[in-house]
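Heads up, the numbering used here is the position in the sequence shown plus 339, with the first residue counted as 1. All C-beta atoms in this analysis are idealised placements derived from N, C-alpha and C, irrespective of residue type, glycine included. Being a predicted model, the structure only gives us computed values, none of them experimental.
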Amino acid sequence: MRILLIEDTPRLADYVARGLRENGHVVDVAGDGIDGRHLALEGEYDVVLLDVMLPGIDGFDVLEAMRRADRPAAVLMLTARDAVEDRVRGLRGGADDYLVKPFAFSELLARIEALGRRGRRDADPAPIGVLRLADLELDLLRRRATRAGQRLELTAKEFTLLTLLLRRRGEVLSRTVLAEQVWDMHFDSDTNLVEVAIRRLRAKLDDPFDHKLLHTVRGMGYVLEDRQA
Numbered sequence: 340m341r342i343l344l345i346e347d348t349p350r351l352a353d354y355v356a357r358g359l360r361e362n363g364h365v366v367d368v369a370g371d372g373i374d375g376r377h378l379a380l381e382g383e384y385d386v387v388l389l390d391v392m393l394p395g396i397d398g399f400d401v402l403e404a405m406r407r408a409d410r411p412a413a414v415l416m417l418t419a420r421d422a423v424e425d426r427v428r429g430l431r432g433g434a435d436d437y438l439v440k441p442f443a444f445s446e447l448l449a450r451i452e453a454l455g456r457r458g459r460r461d462a463d464p465a466p467i468g469v470l471r472l473a474d475l476e477l478d479l480l481r482r483r484a485t486r487a488g489q490r491l492e493l494t495a496k497e498f499t500l501l502t503l504l505l506r507r508r509g510e511v512l513s514r515t516v517l518a519e520q521v522w523d524m525h526f527d528s529d530t531n532l533v534e535v536a537i538r539r540l541r542a543k544l545d546d547p548f549d550h551k552l553l554h555t556v557r558g559m560g561y562v563l564e565d566r567q568a
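Shown next as structure tokens:
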């Protein structure tokens, strides 16, 4: 899933974002209410993780702006305050779930997956948690990839990389974007980490098949698309 995390505590934000990426999700992070509101209104997300206490504007204001703009993402609110009135206010304002800090990452992940199973308000008829392109199918819940019905034996990082490429199909992704989203690191031009990962993924995804899906755009990056469609 594509997830927006709006959280002003850097250490917690880094911890949550890293865990979500390791579980195959694409994550954007905003550190305050103003930036979070902008991303929530302009981006396309499946789930927004929204802290209540934020600098700039608080989480309730971000939630109100999202619902007023009829943004389809599910919202899971995060708060250190376990007051009934806060939970009621969030749920009545359009939040889909509520989680009190501190929380176990496993519980957060389970709640996110539950929201994913409910599906987005504008979900297409494809099964929840399944991404498809041509004869490629990615089952995010079972963490399984197939092409033409054949199982692709991917490592955890290869699965995360393929998930990112498939979620942003048709979009050329630079090595910098891939390094940040998949490995949670700033891109170092002296390393060939991304190129090696792409080569290994391509060997499993494309080499056994005549129809190629993963393409290199020289000087720009990589794109996953069906050029025969």
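Subject >> Exposure of Arg460, with buried meaning 16 or more beta-carbon neighbours within 10 Å >> reply: Translated into positions along the sequence shown, residue 460 becomes position 121. Unreliable positioning characterises Arg460 in this predicted model, as indicated by a pLDDT of 43, which lies under 50. A coordinate reading is not provided.
Original post:
Exposed or buried, what is Gly509 when buried is set at 16 or more other beta-carbons lying within 10 Å of its beta-carbon?
Top reply: Reading the sequence shown from its first residue, position 170 is the one you call residue 509. Exposure of Gly509 is indicated by the presence of fewer than 16 other C-beta atoms within 10 angstroms of its C-beta.
Original post:
So, do the stretch 404 to 419 and the stretch 375 to 395 have three or more beta carbon pairs nearer to each other than 8 Å?
Top reply: As far as the Cβ criterion goes, the stretch 404 to 419 touches the stretch 375 to 395, which means the pair count is three or higher.
**OP:** Mind reading off the beta-carbon distance from Glu492 to Lys543? Whole number of angstroms is fine, and I expect it under 8 Å.
**Re:** To locate residue 492, count along the sequence shown from 1; it is residue 153. To locate residue 543, count along the sequence shown from 1; it is residue 204. Contact between Glu492 and Lys543 holds, since their C-beta atoms are separated by about 7 Å, short of 8 Å.
**OP:** Please determine if the stretch 388 to 400 and the stretch 426 to 443 are in contact, where contact requires at least 3 C-beta pairs separated by less than 8 Å.
**Re:** yes
Original post:
Grouping DSSP H, G and I as helix and E and B as strand, with all else coil, what is Asp461?
Top reply: Your numbering for residue 461 matches position 122 in the sequence shown. For Asp461, the predicted structure reports a pLDDT of 43, less than 50, and the residue's modelled location is therefore unreliable. The matter cannot be settled from this model.
Subject >> Presumed contact (8 Å Cβ cut-off) between Asp565 and Ala473, rounded CB distance >> reply: Mapped onto the sequence shown, residue 565 falls at position 226. Mapped onto the sequence shown, residue 473 falls at position 134. 4 Å between Cβ atoms; contact.
Subject >> Of the residues Arg506, Leu563, Leu415, the one placed nearest Glu446, counting alpha carbons only >> reply: Here residue 446 refers to the residue found at position 107 of the sequence shown. Ranking the options by Cα distance to Glu446, first place goes to Leu415.
Original post:
Helix, strand or coil: which one does DSSP assign to Ala369?
Top reply: Working through the sequence shown from its first residue, we reach residue 369 at position 30. Ala369 falls in the strand class under three-state DSSP.
**OP:** Could you give the DSSP three-state label for Gly560: helix, strand or coil?
**Re:** Counting from 1 along the sequence shown, the entry for residue 560 is found at position 221. Strand, per DSSP.
Original post:
What is the rounded straight-line gap between the Cα of Thr310 and the Cα of Gly488?
Top reply: The structure shown does not extend to residue 310, since the chain spans only 340 to 568, so no value can be given for it.
Subject >> Rounded straight-line distance, which links the Cα of Arg539 to that of Met559 >> reply: Looking up residue 559 in the sequence shown gives position 220. Looking up residue 539 in the sequence shown gives position 200. Taking the straight line joining both Cα atoms gives about 19 Å.
**OP:** Could you tell me whether the stretch 511 to 524 touches the stretch 344 to 361, where touching means 3 or more Cβ pairs closer than 8 Å?
**Re:** yes
Subject >> As assigned by DSSP and simplified to three states, the class of Thr515 >> reply: Within the sequence shown, residue 515 is the residue found at index 176, counting from 1. Residue state, collapsed to three classes: helix.
Original post:
Just the Cα atoms here: how many angstroms apart are Glu519 and Glu497?
Top reply: As a working mapping, residue 519 is identified with position 180 in the sequence shown. As a working mapping, residue 497 is identified with position 158 in the sequence shown. Taking the straight line from one Cα to the other gives about 15 Å.
Original post:
What do you get for Arg486, buried or exposed, if any count of 16 or more other CB atoms within 10 angstroms of its CB means buried?
Top reply: Taking the first residue of the sequence shown as position 1, residue 486 is located at position 147. With 16 or more other Cβ atoms within 10 Å, it is buried.
**OP:** Mind reading off the beta-carbon distance from Val365 to Leu344? Whole number of angstroms is fine, and I expect it under 8 Å.
**Re:** Start at 1 with the first residue of the sequence shown, and residue 365 comes out as number 26. Start at 1 with the first residue of the sequence shown, and residue 344 comes out as number 5. With a contact defined as Cβ atoms closer than 8 Å, Val365 and Leu344 miss out at about 11 Å.
Subject >> Per-residue burial, Arg410 [other beta carbons within 10 Å of its own, 16 or more giving buried] >> reply: Locating residue 410 in the sequence shown gives position 71, counting from the first residue. Arg410 comes out buried.
**OP:** From the DSSP output, in three-state form, read off His554 for me.
**Re:** Your numbering for residue 554 matches position 215 in the sequence shown. Of the three classes helix, strand and coil, the one that applies to His554 here is strand, per DSSP.
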